[in-house]
Amino acid sequence: MSAIYAFGLLILLAFLGTQFLVRKRTLSALNYLFLSGFVYIFLGLYLGHHGLNILSPQVLEALDPLISLGLGWIGFLFGFQLERKYLRRFSKKAVGLSVLKSLFVFLCVFGMMLLLMMPIFPDQPPYLLFGTALAFALLATVSSPTLLNAACFVLPARGDYFYLARFLTSVSGIWSIVGLSLLFSFWHFPLLETHLIIRGILLLCASTLLPSILGIMFHFLTRKKTSEHEMLVYVLGLVFFVSGAAFYFNLSPLYSSMIMGIVYSNLTRIHEKLYPLLLSTEKPIYIMFLILIGALWNFRFDWNIVILVAVFTFARIIGYTLLLPLCRLLLRYPTPLPPVYGLAFLSFGGIGVAVAVSLKLAYPLELTDVFLSVALLVIIINELLGPKALQKGILTLDSQKKT
Amino acid sequence: MIALAFLFLTMMVLKNSALLPFANPDQSTSIALGFILIFAFLFGKQVERLGLPQITGFILAGILCGPYIFKFLDSEQVVDLQLIDGLALSLIALTAGGEMRLSRLKRRLKAISSLVVFQTVFIVGGFVIFGFIGRNIFPFFSGNTWTQSLAIALLLGTVATATSPSTTIAIITETKSKGKYTDLILSVAVVKDFVVIVLFAFFLSLSSLLYYPDRGFDASFLLHILRDLGGSLLLGALVGGGIILYLKYIKKEMTIFILGIAFFTYQISHSYGFHPLLICLVAGFLVENFSPHGDRLIQSIEKSSLPVFVVFFAISGASLNLDALQNSWMFALICVFLRGLLKFAGTYTGAKLVREEPGLRRYGWTGFISQAGVALGLAVLVEKALPGWEGGFLSLVIAVIAINQIVGPVLLQKLLLKVGEAGAKL
Chain A
7 MSAIYAFGLL ILLAFLGTQF LVRKRTLSAL NYLFLSGFVY IFLGLYLGHH
57 GLNILSPQVL EALDPLISLG LGWIGFLFGF QLERKYLRRF SKKAVGLSVL
107 KSLFVFLCVF GMMLLLMMPI FPDQPPYLLF GTALAFALLA TVSSPTLLNA
157 ACFVLPARGD YFYLARFLTS VSGIWSIVGL SLLFSFWHFP LLETHLIIRG
207 ILLLCASTLL PSILGIMFHF LTRKKTSEHE MLVYVLGLVF FVSGAAFYFN
257 LSPLYSSMIM GIVYSNLTRI HEKLYPLLLS TEKPIYIMFL ILIGALWNFR
307 FDWNIVILVA VFTFARIIGY TLLLPLCRLL LRYPTPLPPV YGLAFLSFGG
357 IGVAVAVSLK LAYPLELTDV FLSVALLVII INELLGPKAL QKGILTLDSQ
407 KKT
Chain B
6 MIALAFLFLT MMVLKNSALL PFANPDQSTS IALGFILIFA FLFGKQVERL
56 GLPQITGFIL AGILCGPYIF KFLDSEQVVD LQLIDGLALS LIALTAGGEM
106 RLSRLKRRLK AISSLVVFQT VFIVGGFVIF GFIGRNIFPF FSGNTWTQSL
156 AIALLLGTVA TATSPSTTIA IITETKSKGK YTDLILSVAV VKDFVVIVLF
206 AFFLSLSSLL YYPDRGFDAS FLLHILRDLG GSLLLGALVG GGIILYLKYI
256 KKEMTIFILG IAFFTYQISH SYGFHPLLIC LVAGFLVENF SPHGDRLIQS
306 IEKSSLPVFV VFFAISGASL NLDALQNSWM FALICVFLRG LLKFAGTYTG
356 AKLVREEPGL RRYGWTGFIS QAGVALGLAV LVEKALPGWE GGFLSLVIAV
406 IAINQIVGPV LLQKLLLKVG EAGAKL
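Chains A and B are the protein sequences, given in the same order. Take any residue in the first sequence, count from 1 to its spot, add 6: that is its number in this note's numbering. Take any residue in the second sequence, count from 1 to its spot, add 5: that is its number in this note's numbering.
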């Protein structure tokens, strides 16, 4: 009977989704929750063992490949966008700003989370706390351009601040994904404490080399006339294969598929043919992924989690806002970067969820359970805060500049 | 070819035991799925160059990568992937239902019923006679009384009657076939599946009585059949109604919706013992014939059907038990040959009686050779129903399916080409 309820619920959500997914003149928190698809995390939570138990742990185990596909897809799409032609349009200073901004947020969150976790989890070994704090910090550096793209249709005032923010958010994932791959390689599960450097280097090379070769292979396979259906088989197959291989060796599926995406994107000349296919397939895979993540979420409420969520959110906002003028100072960036501008970077987007869940899947530990709970709560809170924060920050700045 | 060889070598390296300390064997399903998807597809393309259907290539790739030859997929992974298999089956059945137009069915009702009836009668009857004659010749029947041999032959005949609608649909899609032969073959395959399921439930109870005379006749099976079929039909109608409403009022995110339908249908049928194939068939049929949205439904499914077909057939290849084939290939070949002969006789007689064209009489049987999931499912039920008999019914049926599933798609493709209904350049 529960399956029938769930089915009805899915239809209802789809119906509500169609009502909210229509681009409107105002971008409210609820509107954006549907637009970004995050509402499906709640559906997954309800379908999982906390609710109807349709997506029971056994079913989830069988659906593991779909989670792997979701992660791989996000990574591949992200990498596919990193085309030289696009990146060259931005100045070196903008790239530097992206690195420095991420570094400051990283350090700020890492320090605060490590200090906080030590008294909260006194029984956990220090290397685990260290690793988890690193993961929190890496997650904090992620910000997504989805909200900015959604805002495009809401407010007409789009100037330098808007385009800079779009660039910064569209590349911010790189640092997090690369950092994650370093973490996965040098801190390889289950041999966490024997983090040998040579082994780490080998694993990092493997997780770079295999997807690079497969990206080249993909290019050769699609060089001649390829139908859309065939293209779909190649993309799905290769993404499954690359992210599956990464999973199999406890490496980062996001990183490997991102590398494949970058290599392919910079070799192929059929972007305009592949983009519509990728975009039309993206939504179903992404929604499926969010539902599965919701079901996988071992949701629990305790004060430790509340404190961690609050501190993480606070540290991240501090990192993005107060440290931004410092970045400008260090880089001598020509445009003024007031702290309020940092509010444009709050939204995590799909990459945030992917980073959070890939860690949980690669390190099946009690602490990563806490990590996933905190991460998902922070992500949802930030997605809710995002639209207002964006309007307060960037769009106001651009309007001021225009007037 | 280079890509195929590269993938193969990569997988050999990745699965090498020297890398095991770095690996997490619990997370090996995704890599296996990715590999099988792309490897089977490339293999299918190579096989197509030889003039064979791609599906044969997918199945052969599955056999090669499965648990008996290169072991890239182990038995556990094959079981794990059966959930995706279930999703694929639901999608295939939705397509099948959506392809069945009531107007066309009405026009060819006589031909469809005649072919279904005569194929069923000839095959079941033929296998019963074979059981009698072969009782003292083949070890398969040894140690049984004549009533027990009759029971086994009856069940063997029923299972042999089944054709795989999913393979039929896949070949029709691959060859882009359209026309009266195509319609007839698909309709007969689908209707026959329905008849076989009903008939099987009846013969299973009868055979149980023949095999174990002291058990007595259990009429409760009739209630079970009614419940299962009635429930499946009702649920199919509900799902079909849901799809029509969705297509009318919501219209968006069709892929997600269709995947949701496939998943929940599979879940519901799994929990209540309904037939997912029948549910989706009815749903597709309703959408096609009682709403103007049939084409949209088919288009939405077709958009993503190729990867589904590749995985489905590759996994069905990987799950073929080659040990069983090795042990009983001689007897299996005899059964395959006999089945083919009886299919020919049944199709010829059925077609002649309703005055169908000579082409259908002579070659129509080649469209009904392939066998897959339904036959396998029925064989599993036979093993459970006759626990005392150690003749290896399941192994024999698996071996027969393995041969038919390799030969069947090739024959169907040749038939569609011969009658000029294949639209794709092959």
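Idealized CB from N, CA, C, for every residue including glycine. As the structure is a computational prediction, the values presented were derived from the model and not from experiment.
Supposed close pair residue i, residue j - CB separation, criterion 8 Å
| i | j | result |
| --- | --- | --- |
| residue 323 of chain B | residue 71 of chain B | 3 Å |
| residue 282 of chain B | residue 209 of chain B | With a Cβ gap of about 18 Å, residue 282 of chain B and residue 209 of chain B do not count as contacting. |
| residue 427 of chain B | residue 182 of chain B | 5 Å |
| residue 399 of chain A | residue 348 of chain A | 7 Å |
| residue 122 of chain A | residue 288 of chain A | 36 Å between Cβ atoms; not a contact. |
| residue 9 of chain B | residue 38 of chain B | Not a contact, Cβ separation roughly 17 Å. |
| residue 172 of chain A | residue 154 of chain A | 5 Å |
| residue 341 of chain B | residue 409 of chain B | 6 Å |
| residue 104 of chain A | residue 184 of chain A | Wrong, their Cβ atoms sit about 12 Å apart, outside the cutoff. |
| residue 141 of chain A | residue 120 of chain A | That belief does not hold up - the Cβ atoms of residue 141 of chain A and residue 120 of chain A are roughly 11 Å apart, past 8 Å. |
| residue 301 of chain A | residue 53 of chain A | 6 Å |
| residue 260 of chain A | residue 186 of chain A | 6 Å |
Closer than 7 Å to chain B by CB, residue i
| i | result |
| --- | --- |
| residue 74 of chain A | yes |
| residue 250 of chain A | yes |
| residue 432 of chain A | Residue 432 of chain A is absent from the model: chain A starts at 7 and stops at 409. |
| residue 207 of chain A | no |
| residue 293 of chain A | yes |
| residue 370 of chain A | no |
| residue 56 of chain A | no |
| residue 227 of chain A | yes |
| residue 190 of chain A | no |
| residue 277 of chain A | no |
| residue 253 of chain A | yes |
Residue i: contacting residues in chain B (beta-carbon distance under 7 Å)
| i | result |
| --- | --- |
| residue 256 of chain A | 29 |
| residue 223 of chain A | 8 and 11 |
| residue 247 of chain A | 36, 39, 40 and 43 |
9 Å Cβ cut-off: residues of chain B touching residue i
| i | result |
| --- | --- |
| residue 70 of chain A | 31, 32, 34, 35 and 85 |
Chain A within 7 Å of residue i, Cβ atoms only
| i | result |
| --- | --- |
| residue 125 of chain B | no |
| residue 431 of chain B | Any reading at residue 431 of chain B must be qualified, since the residue scores a pLDDT of 46, below 50, and its modelled position is unreliable; the value itself is stated next. No, because no Cβ of chain A sits closer than 7 Å to the Cβ of residue 431 of chain B. |
| residue 207 of chain B | no |
Burial state of residue i (16 or more Cβ within 10 Å)
| i | result |
| --- | --- |
| residue 108 of chain A | buried |
| residue 275 of chain B | exposed |
| residue 54 of chain B | exposed |
| residue 416 of chain B | buried |
| residue 105 of chain B | buried |
| residue 304 of chain B | exposed |
| residue 278 of chain A | exposed |
| residue 57 of chain A | buried |
Chain B residues whose Cβ lies nearer than 8 Å to that of residue i
| i | result |
| --- | --- |
| residue 244 of chain A | 39 and 43 |
Per-residue contacts from residue i into chain A (C-beta, under 7 Å)
| i | result |
| --- | --- |
| residue 260 of chain B | 290 |
| residue 315 of chain B | 239 |
Interface residues of chain A facing residue i [CB-CB closer than 9 Å]
| i | result |
| --- | --- |
| residue 264 of chain B | 290 and 294 |
| residue 48 of chain B | Chain A residues near residue 48 of chain B: none, gap ~12 Å exceeds 9 Å. |
| residue 14 of chain B | Result: empty, since nearest Cβ-Cβ is about 11 Å, beyond 9 Å. |
| residue 19 of chain B | 216, 251, 254 and 255 |
Contacts that residue i makes with chain A (C-beta to C-beta distance below 8 Å)
| i | result |
| --- | --- |
| residue 311 of chain B | 235, 236, 238 and 239 |
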